[in-house]
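The structure under discussion appears below in the form of structure tokens.
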Amino acid sequence: MEPTPEASTSTSSLSLPEPTLPKGKRFKDSKSALYAVQDYALYHNKQAKVTRRGGKHRRMVCSSSKPCPFFVQLYLHNSKTDNTWYVSSSDLTHSSECTSTAKPTQRQLVESPSFQRALAAKPNGTAAQLLKQLKGRTNLRTIYRAKQTMKQERLNQVNDSFKQLPMLLQRFVELNPGSCTKYQLTEPHTKAPGAFSRAFLSCNVFTQSTTFNQQIYGVAVVPCSNKEAKYQGVQMFLLGKDGNMGNVTVAVACCDAPSSENYRWFFRCVEESGVNLRYCPVLCAIDPELMTVERDLGLTFRYCTRYIIEHELAQIGSFNRHHHALVWGLQGSATEMEYNNRLAWIGTTCGPGVENYLRQLPMERWGILEK
């Protein structure tokens with residue numbers, strides 16, 4: 001028998017798709033059959049429970065404390081070649097005195113679109129806060145466990161997402177012929193063998209255009225992390241300037257740290273992509289790890305004045321925005337005498353802390369002194 005019209009019009013508070021339990025319906029195993037009856041009851045704002053069970057049968061009834069006709073009889077097919085379960089008989093109606101109400105299980109909460117939306121709206125919300133957003137009775141412990149299960153599932157998805165990178169990089173090359181991509185996993189002898197190590201990408205259109213662009217580049221390193229996956233890494237960018245002095249991203253990479261090994265690998269990949277940096281200045285931050293690869297790779301690194309002003313000097317209390325022009329003037333000094341005079345004036349104006357910091361920077365790294 002089918003549920004009464006009153007029951008069928010009561011849609012589940014958890015927004016589950018409408019289930020059906022026709023006679024003869026098959027399930028691959030007893031657990032799937034159990035879940036199907038539970039989901040059917042939940043959809044109609046009821047709860048079903050197992051009242052009798054054996055190796056080849058299950059009988060599920062309504063959880064009402066008062067008499068209710070609802071039941072579903074499940075059997076295992078008595079065949080060596082057929083191990084499926086099926087609905088033998090059922091009465092899907094509920095009495096007017098039925099006291100059963102929906103009480104979703106942990107599994108049903110995890111599968112519920114409503115619960116997923118509630119968790120997405122407040123990912124750091126407590127179980128009590130999530131309970132207020134959900135209609136239908138359940139307990140805090142069930143909500144807490146469902147929340148932890150979903151967080152673990154998302155974590156597993158994040159941890160496995162790097163496995164899609166080779167396919168994405170391959171597809172990128174197919175759509176942009178001549179482009180260069182690299183992808184590496186950690187070595188077998190490392191603490192986490194087979195995990196993501198680093199990846200590189202450069203688009204052929206932009207690498208070919210470097211011949212006609214301004215012959216000056218910049219390398220930028222941006223921290224990137226994922227707290228859920230406990231990942232800490234960096235993104236490396238090689239930037240160029242087009243004819244209108246606009247920034248152009250020539251190449252990009254993702255790796256675990258700004259180490260000399262990763263820098264060397266990054267610039268080797270840049271060379272393989274067709275970009276020649278041998279006779280061009282490359283502006284960079286003040287990074288000892290980066291400086292170690294300069295001679296090996298035949299590069300010419302120059303400190304970025306804007307970086308010095310906005311990231312290094314900005315940490316000194318006596319330095320403010322009114323002093324920026326003094327540093328730009330120092331960087332533009334044409335002779336060593338002019339450089340020293342300007343540096344002394346900065347010490348008088350900004351204090352010895354600023355002067356001492358700038359004095360320890362090699363002039364040839366960021367100045368334009370005439371030889």
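In full-length UniProt numbering, the protein residues as written are 1 to 371. For every residue, glycine included, the Cβ atom is placed at its ideal position computed from N, Cα and C. Please read these numbers as outputs of a predicted model, since none were measured by experiment.
The C-beta separation of Cys284 from Tyr303 comes to about 7 Å, placing the pair in contact by the 8 Å criterion. Taken atom to atom, the span from the alpha-carbon of Pro362 to that of Arg117 is near 56 Å. The count of Cβ pairs closer than 8 Å, one atom from the segment 304 to 313 and one from the segment 323 to 332, reaches three, so the stretches are in contact. Here Cys98 is buried: its Cβ has 16 or more other Cβ atoms, across all protein chains shown, within 10 Å.
Ala199 and Thr181 have their C-alpha atoms spaced approximately 7 Å apart. DSSP lists no bridge partner for Met167.
Taken through DSSP and simplified to helix, strand or coil, Ala253 comes out as strand. Burial of Arg58 is indicated by the presence of at least 16 other C-beta atoms within 10 angstroms of its C-beta. The continuous alpha helix (DSSP H) containing Leu42 extends over residues 30 to 43. With a 10 Å radius around the Cβ and a threshold of 16 neighbouring Cβ atoms, Val37 comes out buried. For Asn356, the enclosing alpha helix (DSSP H) covers residues 352 to 359. By the Cβ neighbour-count rule, Trp265 is buried, with 16 or more other Cβ atoms within 10 Å of its own.
In the DSSP assignment, the residues bridged to Cys284 are Tyr303. Considering only Tyr43, Gly54, Lys23, the residue with the shortest C-alpha distance to Glu111 is Tyr43. Annotation for Ser225: the continuous beta strand (DSSP E) segment containing it runs 214 to 226.
According to DSSP, residue pairing for Leu297 in a beta bridge does not occur. In this structure, the straight-line span from the alpha carbon of Ala121 to that of Val234 is close to 29 Å. In the three-state reduction of the DSSP assignment, Phe70 falls in the coil class. Counting only residues of its own chain and dropping the five nearest sequence neighbours on each side, Trp345 has a CB closer than 8 Å to the CB of Leu326. Its chain contains Thr207 as the residues whose beta carbon lies nearer than 6 Å to that of Gly274, once the 5 sequence neighbours on both sides are disregarded; these appear in chain order. CA-CA distance, Asn340 to Thr305, rounds to 17 Å.
In this structure, DSSP gives Tyr279 a state outside helix and strand, which the three-state scheme calls coil. When Cβ pairs closer than 8 Å are counted between the two stretches, the segment 244 to 260 is seen not to touch the segment 329 to 338, the count staying below three. The Cβ atoms of Thr138 and Pro166 do not sit closer than 8 Å to each other.
Beyond the five residues adjoining it in sequence on each side, Cys68 comes within less than 6 Å, by CB distance, of Cys62, His94, Ser95, Cys98 in the same chain, given in chain order. As DSSP reads the structure, Cys62 sits in a beta bridge with Ala48. Cβ contact annotation for Met60 (same chain, cutoff 6 Å, sequence separation greater than five): Val37, Ala48, Val50, Val72, in chain order. If you draw a straight line from the Cα of Gly353 to the Cα of Gln360, it is about 11 Å long. Closest by C-alpha distance to Asp296, out of Asp256, Lys23, Thr81, Phe267, is Phe267.
Taking each of Ser161, Glu174, Phe115, Ser197 in turn and checking the Cα distance to Met150, the smallest one comes out for Phe115. The residue from Asn204, Glu272, Ile308 with its alpha-carbon nearest to that of Asp287 is Ile308. For Cys180, the pairing in a beta bridge is given by DSSP as Ser202. For Leu330, there is no enclosing beta strand (DSSP E); the residue is found in the alpha helix (DSSP H) stretching over 324 to 331. Beta-bridge annotation (DSSP): Gly233 is paired with Cys224.
The Cβ atoms of Asn213 and Val248 sit closer than 8 Å to each other. Rounded to the nearest whole angstrom, the C-alpha separation of Gly178 and Leu201 is 11 Å.
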